[in-house]
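A short write-up of the structure that comes next.
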Amino acid sequence: MINPFLFGAAVTASGGGAAGVSAKHAEANADRARSEVQHIEQRFDRLILVNMALWSLLQEKMGLTEQDLLDRVQEVDLADGQLDGKARKPVVKCPDCDRVMSSRHKRCLYCGAERLDHSAFDSAR
Ligand SMILES: [Zn+2]
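Be aware that the sequence shown starts at 443, since it is given in the numbering used here, and climbs by one per residue.
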């Protein structure tokens, strides 16, 4: 295994050149990746907090129990046929050309038709 501290020291000691530029580029990419991960972790923590608040409201106002929640989590998980801890988005076909639409794009990549959301979660996945 390569020790990153030794590798970094060797690159720095070489005085730059192509290896130095490449190492700086890799460092910049690593910094950007760390920043993106930190941002995602903050959003994830916020989502957990909001979900916990919503759940405590439902328990208090509706009298739901932890077992009710666990049962519903399993039901939603199984909706796609697999108990895998994920709520997969079903395949969506274009309303105009009937081709499979990308979940990452609001419009059909083939004909440009706008994807019609069928759920409040469609644009969140
Ligand atoms: Zn289309």
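Backbone N, C-alpha and C fix where the C-beta goes; we use that ideal spot for every residue, glycine too.
Enclosing alpha helix (DSSP H) for residue i [first to last residue]
i    : result
Q480 : G459 to M504
V518 : E508 to L520
Proximity winner among the options, relative to residue i (alpha-carbon distances)
i    : options                   : result
P532 : E517, Q509 and S561       : S561
Y552 : R546, D564, L558 and C539 : C539
Cut-off 7 Å between Cβ atoms - residues of its own chain near residue i, not counting five sequence neighbours on either side
i    : result
I444 : Confidence at I444 is low in this model, with a pLDDT of 45, below 50, so its placement is unreliable and the value that follows should be read with caution. Answer for I444: no residue qualifies.
L558 : P537
Sequence-distant residues of its chain with Cβ nearer than 6 Å to residue i (five each side left out)
i    : result
C550 : C536 and M543
D519 : L525
A460 : none
Beta-carbon proximity of residue i to residue j, cut-off 8 Å
i    : j    : result
L511 : W497 : yes
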